[in-house]
Every structure is written in structure tokens, then in C-alpha cells.
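Peer 1: Before we start, here is the structure in question, set down as C-alpha cells.
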Amino acid sequence: MDLLKIYKKILLIRAVENKLDQLFKKGLVYGTAHFCIGQEFIPVVVSQHLRKEDAVTSTHRGHGHALSKDLDVKKFLAELLGDPRGYNTGKGGSQHVSSIDNNFFANGITGGMVPIAVGIAFANKYKQNDNVVVAYLGDGAMTEGYVLESLNMAAALKLPILFICENNFYAMSTHIKKTHSSDINKKAEAFGIKSALVPDNNYKLLYEIAEEFINDTRKGIPHFIEVQTYRHKGHSKNDQNLYRDKSEEQYWFNKDVALIIEDELLSNKYTIEDINLIKTEIDTFVDKISEELIQQGSDIDIDLFKHIYNETK
Amino acid sequence: MIKTYAQAIKDTLDEELMNDPNLFLFGEDIGVYGGCFGATKGLQEKYGNKRVIDSPMSEQAIAGLGIGAALNGLRPVIEIMFMDFITLIYDQILNHASIFSYLSNGEMKVPLVIRVPAGGGRGYGATHSKSLWSALMNIPGIKIIAPSNTREVSGLLRAAIKDNNPVIFVEHKSLYQIKDDVENAEDIIPIGKAKIVKEGNDLLLISFSKMVLDCLEVANKLENEGISIEVLDLRTVKPLDIETIKNSIDKIGKVIVVEEGFPQSGIAAEIIAQINEVCFYSLDGPIKRICTLEIPLPCSPKLENMAIPSKERIENEIRSMLNE
Ligand SMILES: Cc1ncc(C[n+]2csc(CCOP(=O)(O)OP(=O)(O)O)c2C)c(N)n1
Ligand SMILES: [Mg+2]
Chain A
12 MDLLKIYKKI LLIRAVENKL DQLFKKGLVY GTAHFCIGQE FIPVVVSQHL
62 RKEDAVTSTH RGHGHALSKD LDVKKFLAEL LGDPRGYNTG KGGSQHVSSI
112 DNNFFANGIT GGMVPIAVGI AFANKYKQND NVVVAYLGDG AMTEGYVLES
162 LNMAAALKLP ILFICENNFY AMSTHIKKTH SSDINKKAEA FGIKSALVPD
212 NNYKLLYEIA EEFINDTRKG IPHFIEVQTY RHKGHSKNDQ NLYRDKSEEQ
262 YWFNKDVALI IEDELLSNKY TIEDINLIKT EIDTFVDKIS EELIQQGSDI
312 DIDLFKHIYN ETK
Chain B
404 MIKTYAQAIK DTLDEELMND PNLFLFGEDI GVYGGCFGAT KGLQEKYGNK
454 RVIDSPMSEQ AIAGLGIGAA LNGLRPVIEI MFMDFITLIY DQILNHASIF
504 SYLSNGEMKV PLVIRVPAGG GRGYGATHSK SLWSALMNIP GIKIIAPSNT
554 REVSGLLRAA IKDNNPVIFV EHKSLYQIKD DVENAEDIIP IGKAKIVKEG
604 NDLLLISFSK MVLDCLEVAN KLENEGISIE VLDLRTVKPL DIETIKNSID
654 KIGKVIVVEE GFPQSGIAAE IIAQINEVCF YSLDGPIKRI CTLEIPLPCS
704 PKLENMAIPS KERIENEIRS MLNE
């Protein structure tokens, strides 16, 4: 496991989200966003085992999924800012970033991409390649009927798809104890899908299980991982987390994967100066691209009616 | 060559399965059973269960599978058993299939055909008889085709399959068994083009799907009395061919729109609104619409017949408009 690479990617995702948060507060961004700080290690770790041709479907909380699938940071930030230089020329925004080159697809309907992820996996099997699909979803999405249909479909058709449920214990303000009466990974198992639980932000366990599961998924067997994790910020931009207990928050802040990896790097060959340098480099990079985007502006015109229908032959 | 509407659909699917290895069929009971109306019968036997696939009874996942497979380079033709169930996949159409091309600026495409039977006249009752095209009409990015006859169903289906966008292909339950000679039928019929199926001078009937047949019967009957009715078959409901409608109205100022959906916010309502915008001054008077009564569709033949536009109703409305 390349800890440094994982650490840097986590910090990059964090820096982009913190920048976005800052720009929101300055009134420079329109709309809303759902921050993934605290959970971003999941796609970062999982992506260590993915290839470019593997597809990822994402959610409303998708910044980490996107950057882990190696979307270009500047083009991605541009999209969040509603800039025509963004991946979707500003039509998509935070919840609907997609890039065919990266095989990355997101949508703001909770769990809505899960049935489509199954279809992407179906096509891979049909074409007899060994690409996999990773479908991210939340604990809330796990209560949507179409997600359950999709689990059953993937199992019945034996499709090469890995479902990853980022169980952060809340769907907006609603705790899972009000919405689930059985373990999430057990639900997937009931459909005949090999499942695993990764508790407590255990990124090392996730790394191992993801490696094994992705290898087996490539052979055409669906898998499911429930990762218990926590979002550090509110559900979306302005949420104050009034429904969360402070001691619960503290418990999870102490389990922040970025901090844990940092300690590990420090106890290896890295010094605090090395770490600070990495942080500064990443922050400077994100500052620079955001300033370029804001200062240089863009006057690209977008034809509102173009591409409603795909006119390619 | 004489075929039924169902056979024409099956033969087209057969040819396209043969032509394009990336095309596959997916839906509930479309294999050995052949679909509820026999439109896929024998295809699984011929192409195997990797290309003609019996799906679980999970409409949303069926739609999602079609969308995902289309995004990933295949050409799925999925089937939803009855149009009443289109509501179950509404989210997948509205919030997913229809937005990918637009948001990706044309980099992504969803060449997906959703075959679905609509319509009443079979006594299937409130949950298996509806014609819900208007629920789909205001979704940007999709197309809706509703063939009215056996000679054209094949050309329209082939156009739907070749199109690179999500197409809802609405078949009609009462048409499946209608036979016609399909010799020299058009191989492919362009989407978005209406057709004048009978010319006339006194009054224009605009319709689509099975109601075109009823309109034609009434028009032919009245022809014997010297009443000259023009009948326009939309063929494609969306995008709507308002040009062809306008051309007829510029010639004939009396218009009735006949459709099997409900009246409020229906396709007829939309057509009337668009006519108002593009050729109001060519009209002789108010446009009428004839639609299914706005009630949950009853099952008994007597009650169902009262609810769905009948030939008598069409004839009476024509006479009363001509006598005004
Ligand atoms: C179908 C649907 N229902 C409701 C919403 C509004 N909504 C957005 S996110 C969310 C909660 C999602 O919870 P979860 O799946 O656990 O993901 P998390 O936000 O915790 O990452 C809700 C209710 C939505 N976007 N789509
Ligand atoms: Mg959650």
C-alpha cells in the first residue's frame, strides 16, 4: 500500500472541498454541495485497485469519488464553480459531474445511479472484458427500492460489480437506527452477494478487502462492502449537525484517517517538515487553480438547447 | 406478405438482432413466453438467453440496466410489460436516461429503446389499460413513437433502434393482432414526421396510435355522405411535427384532436396549445379534443367502451362541428 500516495490524495480532496467551502462563504459559488471530508479515504483506497477502464458511479457526495477516479482537478473545480470550462460546462454542478474519459458518472438522485451501474456491468460482461464497476451509495440509499432491485439483479445475472456502501450513520438528519433494523452488509448478503463489513474507518482492512473483492469481481461475481465512516461536515453546505451528539463527533474525529496516516508516516521515515511541505504544496496548488479560474473568468457561450438530443450518427 | 403488428415487431427485432451483435432484448417474460402479446416469441430460442433475457420483475432495475448498457456501448431494447408501469421507471427516464447527452455536451449517449404496450379495449381494467404518453411528453431528451398500423410499425421500430437517444416505443394492445400486407413497406421511417393518411377538405382529425384506425373508419364512412375528412397520423408524438399539422390547418380550418390519453394536460391539449401559437388565424373556430374520460378505466366492456373514445363519439363530434 502506497501510504504517501493515499495521504496526498486525501489531502487534495480535502483542500478542494475546503476551498469550495471558503468560496461559498464569500458568495462566489452558486447552489449547494455535500462535503465528503472524513469519508474521502474510501474511494482513495478503493481506487488503488482500479484501472482507467473500470467505471465508477457516484452520488450527491461525490467529490472524493471523482478525484479518486483521476478527474483533472482544475476542470473539476471549474464544474463546481459553474464555470463553462468545467467537465460539464457548468450544466452539472457538484452533484452531476460526469466524464466519459474517466468512466465516471454521478447523479443527484440518491442511489439512482445504482441500477445504471448494474447496466454498465452488464455491458462489460456482454462484451466479455474484465472491467469492473464500483457503485458508491450511502446508508440512506440502501433503503431505496431501486437499490434493492439492483442488488438482486446483479446477483441474479452474476455481474462484475462492486457495491460500496459508505455508511456514515445518517441520511441527512436521520440516524440509521430509525431506518434499518438489520445490518446493511447482511442485506446485500441476503441477495446472494458476498459482503464484508469494514468498521471504524479501518482503511487497512478496506485496502485488503477491496483488493480481494475487486479481483474476484473481475471474474464476474458481484460483491458488496459496507464501510462504517463519518462525515466531518454537515449534510450539505449550511447544515449545522444539530441532530448529532458532540461526543459521537469527537469519537470519529479521533479516527480521522488523514491523522492516522500522518502519524504512521511520522513514525516511518517522514519528518514533520516533510508533512508540512506536502500540505503546503497541495494547498498552494489548489489556491493557484482556483485563483486562475476566478481571475481569468471565461466568456465561452453555452448553447442552452444543444445536446438535448445526441445527434451523433 | 401478410403479417400481424406483433409479427412485424418480432421480425424487425429478429433482423436487428441479426445485424447488430450489440443489440439485446431485456424484459419480463420475453423469452419462451414471448412477452404478453407474443411480440418476442421465438427470439430467445433463436438468439439464446444471453441476448434475449428474461429479467427479474424489477422495472426500475430493468430500466437502469438498459441505460447503463447503452452508456457502455450496447443497444438495448427493453420491455415494460404495460404502459401503466411506466410510472415505476419514471425516475430512471426523467432524472437519468434523458440527461446524459445534455450534461456531457454530447459525449455520452443513451441509445435505448423502451418498448411498452398502451391502450384499452381489452378489458384489463384500471391498472393495465392506460395510455400515459402525456406523462412523458415534457421530458426533454427523449422521443416517443406510437405506431398506428402494421405496415409502419417495423419502419418506426427500426428508426427507434438506430436512434442514439432514449426512445419510448409505444405499441397498442388492440393492434397486435391486426393483419396487413407489408409488401414494400418502408424499411425505416424518419422519427418526427407525421403523415396524412387520408386527404380531405372539410375537417381535420389529428390522431396517433390505435385511434388513427377509428378516425379512418369514421372518415371513410362519412365520405359516402360527401363529407371530406382529412386524417393526420402523428406517428411520432415527441418531437411533435407541428409543421405538418400547420400545413393541414392552413388548408382546413376545422380541427378535432383524438387521443386515448386523459384530456387534462394531455397530448391533445399540447397540440391545441401549439396550434394556437403557430396558426390560430387559420382556424374556423375552437378546436375540439376527444379523449378517454378522466376516470380509472373500468373493466366491463360496456363501461370501458363508454370511457375510451368510440367511433360513435368521433362521428358525433364531427357532425356537430360541421353543423355549427
Ligand atoms: C430519491 C431522493 N430522495 C431524497 C433526496 C434528498 N437527499 C439527498 S441526500 C439524502 C440523504 C442521503 O443519505 P445517504 O444515502 O446515507 O448518503 P449521505 O448523504 O449520508 O452520504 C437525501 C434525503 C434525493 N436527492 N433523492
Ligand atoms: Mg449516510
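Going down the list, the sequences are from chains A and B. Per my numbering, the very first residue in the first sequence carries number 12; after that it's consecutive. Per my numbering, the very first residue in the second sequence carries number 404; after that it's consecutive. Just so you know, even glycine gets a beta-carbon here, dropped at the ideal spot from N, CA and C.
1. Give, in chain order, every residue of the region 162–181 of chain A whose Cβ lies closer than 7 Å to some Cβ of chain B.
2. Quick one: complete alpha helix (DSSP H) runs, 4+ long, within the region 516–600 of chain B?
3. To the nearest angstrom, report how far apart residue 255(A) and residue 185(A) are at their CA atoms.
4. For residue 479(B), which residues does DSSP report across the bridge?
5. Is the beta carbon of residue 463(B) less than 8 Å from the beta carbon of residue 119(A)?
6. Any residue with its Cβ nearer than 6 Å to a heavy atom of ligand 2 should be included. What is that list in chain order?
7. Please indicate yes or no: does the CB of residue 229(A) lie closer than 7 Å to some heavy atom of ligand 1?
8. For residue 505(B), would you say it is in contact with chain A, using Cβ-to-Cβ distances shorter than 8 Å as the test?
9. Under the three-state reduction of DSSP, which class applies to residue 113(A): helix, strand or coil?
10. Apart from the five residues just before and just after residue 434(B), which ones in its own chain have a Cβ nearer than 7 Å to its Cβ?
11. Going by C-alpha to C-alpha distance, which of 724(B), 563(B), 408(B), 718(B) sits closest to residue 552(B)?
12. Contact between the region 660–669 of chain B and the region 699–718 of chain B is defined here as three or more beta-carbon pairs at a separation below 8 Å; is this criterion met?
13. Which ranges would you report for the alpha helix (DSSP H) in the region 71–154 of chain A if only whole runs of at least 4 residues count?
14. So does residue 119(A) have its beta carbon nearer than 7 Å to some heavy atom of ligand 1?
15. Ends of the alpha helix (DSSP H) at residue 173(A)?
16. I need the DSSP call for residue 36(A), collapsed to helix, strand or coil.
17. Would you give the residue range spanned by the alpha helix (DSSP H) that residue 691(B) belongs to?
18. Please name the residue in 77(A), 73(A), 52(A) whose C-alpha comes closest to that of residue 63(A).
19. Let's test the definition: count the other Cβ atoms within 10 Å of the Cβ of residue 306(A) and tell me whether it reaches 16, buried, or not, exposed.
20. Could you spell out the range, first to last residue, of the alpha helix (DSSP H) harbouring residue 677(B)?
21. State whether the region 491–499 of chain B contacts the region 663–682 of chain B, with contact taken as three or more CB pairs (one from each stretch) at a distance under 8 Å.
22. Where does the unbroken alpha helix (DSSP H) through residue 189(A) begin, and where does it stop?
23. Note down the Cα distance separating residue 324(A) from residue 565(B), rounded to an integer number of angstroms.
24. Report buried or exposed for residue 436(B), applying the criterion of at least 16 other Cβ atoms within 10 angstroms of its Cβ.
25. Taking C-beta to C-beta, are residue 690(B) and residue 716(B) nearer than 8 Å?
26. From the DSSP output, which residues share a beta bridge with residue 13(A)?
27. Please compile the residues from chain A whose C-beta is within a distance smaller than 7 Å of the C-beta of residue 512(B).
28. Taking only beta carbons into account, state which residues of the region 557–569 of chain B come closer than 8 Å to chain A, listed in chain order.
29. Check whether the Cβ of residue 234(A) lies closer than 8 Å to any Cβ atom in chain B.
30. Mind checking which residues open and close the beta strand (DSSP E) that includes residue 457(B)?
31. Could you give the DSSP three-state label for residue 636(B): helix, strand or coil?
32. Return yes when the C-beta of residue 177(A) is under 7 Å from any heavy atom of ligand 1, and no when it is not.
33. Taking 7 Å as the cut-off, does the CB of residue 25(A) come closer than this to any heavy atom belonging to ligand 1?
34. Would you mind sorting residue 421(B) into buried or exposed? The rule is 16 or more other CB atoms within 10 Å of its CB.
35. If you measure from the CB of residue 255(A), is any heavy atom of ligand 1 nearer than 7 Å?
36. Would you mind sorting residue 681(B) into buried or exposed? The rule is 16 or more other CB atoms within 10 Å of its CB.
Peer 2: Once the coordinates are examined:
1. Identification of residues in the region 162–181 of chain A having a C-beta nearer than 7 Å to some C-beta of chain B yields 163, 164, 167, given in sequence order.
2. 536–540, 553–565
3. Within the first sequence, numbered from 1, the residue matching residue 255(A) stands at position 244. Within the first sequence, numbered from 1, the residue matching residue 185(A) stands at position 174. The straight-line gap from Cα to Cα measures roughly 10 Å.
4. Start at 1 with the first residue of the second sequence, and residue 479(B) comes out as number 76. Checking the DSSP bridge columns, you'll see residue 479(B) partnered with 427(B).
5. Stepping through the second sequence from its first residue, residue 463(B) is reached at position 60. Stepping through the first sequence from its first residue, residue 119(A) is reached at position 108. No.
6. 149(A), 150(A), 151(A), 179(A), 181(A), 182(A)
7. Position 218 of the first sequence, counted from the first residue, corresponds to residue 229(A). No, Cβ of residue 229(A) sits at least 7 Å from all heavy atoms of ligand 1.
8. As a position in the second sequence, residue 505(B) is number 102, starting the count at 1. Closer than 8 Å: yes.
9. Position 102 of the first sequence, counted from the start, is the residue given in the question as residue 113(A). In the structure shown, residue 113(A) sits in coil (DSSP, three-state: anything other than H, G, I, E or B).
10. Within the second sequence, residue 434(B) is the residue found at index 31, counting from 1. If we look at residue 434(B) and ignore the five residues flanking it on each side, its Cβ neighbours are 447, 452, 455, 457.
11. By one-based count along the second sequence, residue 552(B) stands at place 149. Among 724(B), 563(B), 408(B), 718(B), the Cα nearest to that of residue 552(B) is on 408(B).
12. yes
13. 74–79, 84–91, 124–137
14. Within the first sequence, residue 119(A) is the residue found at index 108, counting from 1. Within the cutoff, so yes.
15. Locating residue 173(A) in the first sequence gives position 162, where the first residue counts as 1. Not the alpha helix (DSSP H): residue 173(A) falls in the beta strand (DSSP E), residues 172–178.
16. Here residue 36(A) is taken as the residue at index 25 of the first sequence, counted from 1. Helix, per DSSP.
17. Counting from one through the second sequence, the residue named residue 691(B) turns up at place 288. First-last for residue 691(B): 691–693, but that is the beta strand (DSSP E), not the alpha helix (DSSP H).
18. If you number the first sequence from 1, residue 63(A) lands on position 52. That would be 77(A), whose Cα lies nearest to the Cα of residue 63(A).
19. The residue given as residue 306(A) occupies position 295 in the first sequence. Per the 10 Å Cβ criterion, exposed.
20. Here residue 677(B) refers to the residue found at position 274 of the second sequence. Note, residue 677(B): alpha helix (DSSP H), 670–682.
21. At 8 Å Cβ cutoff, the stretches do not touch.
22. Position 178 of the first sequence holds residue 189(A). Its alpha helix (DSSP H) spans residues 187–190.
23. For the purposes of this step, residue 324(A) is taken as the residue at position 313 of the first sequence. For the purposes of this step, residue 565(B) is taken as the residue at position 162 of the second sequence. Approximately 9 Å, taken between the alpha carbons.
24. Taking the second sequence and counting its residues from 1, the one referred to as residue 436(B) is at position 33. Flag for residue 436(B) reads exposed.
25. Position 287 of the second sequence, counted from the start, is the residue given in the question as residue 690(B). Position 313 of the second sequence, counted from the start, is the residue given in the question as residue 716(B). Not closer than 8 Å, so no.
26. Indexing the first sequence from 1 puts residue 13(A) at position 2. According to DSSP, which records beta bridges pairwise, residue 13(A) is partnered with nothing at all.
27. On the second sequence, position 109 is the one that residue 512(B) refers to. Near residue 512(B) (Cβ distances below 7 Å), the residues of chain A are 321, 323.
28. 567, 568
29. Translated into positions along the first sequence, residue 234(A) becomes position 223. Output row for residue 234(A): interface = no.
30. Translated into positions along the second sequence, residue 457(B) becomes position 54. Per DSSP, the unbroken beta strand (DSSP E) holding residue 457(B) starts and ends at 455–457.
31. Here the question's residue 636(B) lines up with position 233 in the second sequence. Strand.
32. In the first sequence, the residue the question calls residue 177(A) occupies position 166. Because some heavy atom of ligand 1 lies under 7 Å away, the Cβ of residue 177(A) counts as near it: yes.
33. Counted from its first residue, the first sequence places residue 25(A) at position 14. False, no ligand heavy atom lies under 7 Å from that Cβ.
34. Residue 421(B) sits at position 18 when you count from the first residue of the second sequence. So residue 421(B) ends up on the exposed side.
35. Here the question's residue 255(A) lines up with position 244 in the first sequence. It does not: the Cβ of residue 255(A) is nowhere closer than 7 Å to a heavy atom of ligand 1.
36. What you label residue 681(B) is simply residue 278 of the second sequence in a count that begins at 1. It counts as exposed.
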